[in-house]
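Numbering (the UniProt record's numbering), first residue to last: 177 to 400.
Here a beta-carbon is modelled for each residue, glycine too, at the ideal position from N, C-alpha and C.
Computed from a prediction, not measured in an experiment: that's the story for all the values here.
First up is the structure itself, then whatever we jot down about it.
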Ligand code: CTP
Ligand code: CA
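Right, here's the structure in full:
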């Protein structure tokens, strides 16, 4: 019975998930990136697919594989490409889970040739802002669509998280804890808290990312 319920609980639902880092090209051989492994987003995609959802997984550059037939994977590299893919797919989704560590800025110039070293000289990079995918989806979100963001804060975490919910028109934000060994980037485990738009907070213990994915889905997608 439990197996059946798990299979059916998200059937006929379309869920958009962004995962992994983005790479912002500097020249043909270099980029600005971050340490996101994509594991949390991929675990969410697997769990949603196992519950019967049609999943669109927009993945930045990661070395992870997906096998579930319910997962349609779109591989992108940059924040601009992720924005294009996410805004194209959002319209008919029931929920979007924005797990990706999107670069906030990209180099203003992208050199066609490898940037050469000049002995004894500093090199300044000018960066320009990327679009905010979460905020853009928040602007076009319709009644019934659920938007879930992620955040990792080093200070004033709850205040910052609540202001992100408001600024981006999210329904929930998943706070990643930095404080625990084994939580967050590049780890198989995570420690989270979920805040809803009324500011209510629910804390969870250190768990593997598959279990964390279950907690997130159980506590956010109950109404879709
Ligand atoms: N996000 C996004 N597009 C961006 C930046 C962030 O969709 N260009 C999403 C992330 O995937 C995450 C949420 O917004 O779900 C919060 O990301 P975060 O980096 O914490 O928020 P920022 O608004 O970028 O604020 P900060 O200055 O703290 O980085
Ligand atoms: Ca950011």
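Within-8 Å CB hit, residue i to chain D
i, result
"residue 245", "Given the protein chain composition of this structure (a single chain), no chain D is represented."
Where the beta strand (DSSP E) containing residue i begins and where it ends
i, result
"residue 326", "322-328"
"residue 201", "200-203"
"residue 311", "Note, residue 311: premise wrong, no beta strand (DSSP E); alpha helix (DSSP H) at 309-316."
"residue 230", "230-235"
"residue 248", "247-251"
"residue 350", "348-352"
"residue 193", "190-195"
"residue 281", "281-283"
"residue 369", "368-372"
"residue 276", "It is not in any beta strand (DSSP E) - residue 276 carries neither H nor E in the DSSP assignment."
"residue 208", "206-208"
"residue 303", "303-305"
Other residues of its chain near residue i: CB distance less than 7 Å, five sequence neighbours each side excluded
i, result
"residue 177", "Residue confidence for residue 177 is low, a pLDDT of 47 falling below 50, so the modelled location carries little weight; the figure read from the coordinates is stated next. None."
"residue 311", "343, 344"
"residue 317", "323, 345"
"residue 275", "193, 194, 195, 216, 217, 220, 326"
Same chain, Cβ closer than 6 Å to residue i, neighbours up to 5 away in sequence not counted
i, result
"residue 221", "193, 231, 233, 247"
"residue 291", "203"
"residue 213", "362"
"residue 242", "249"
"residue 199", "207, 209, 237, 253"
"residue 284", "302, 304"
Continuous alpha helix (DSSP H) stretch holding residue i: start and end
i, result
"residue 259", "255-266"
"residue 379", "Careful: residue 379 lies outside any alpha helix (DSSP H), inside the beta strand (DSSP E) at 377-379."
"residue 219", "215-226"
"residue 336", "333-344"
Collapsed DSSP secondary structure at residue i in the structure displayed
i, result
"residue 392", "helix"
"residue 177", "Because residue 177 carries a pLDDT of 47, less than 50, the predicted location of this residue cannot be relied on, and no value is offered for it."
"residue 386", "helix"
"residue 400", "coil"
"residue 184", "helix"
"residue 365", "strand"
Strictly closer than 7 Å from CB to any heavy atom of ligand 2: give me those residues in the order they appear in the chain. 278, 280
Check whether the segment 265-273 touches the segment 315-335, counting contact only when three or more Cβ pairs, one atom from each stretch, lie closer than 8 Å. yes
Across the segment 326-343 and the segment 293-305, are there enough close Cβ pairs to call them in contact, namely three or more that are closer than 8 Å? no
Would you check if the segment 292-300 and the segment 259-266 touch, i.e. whether three or more CB-CB distances between them fall below 8 Å? no
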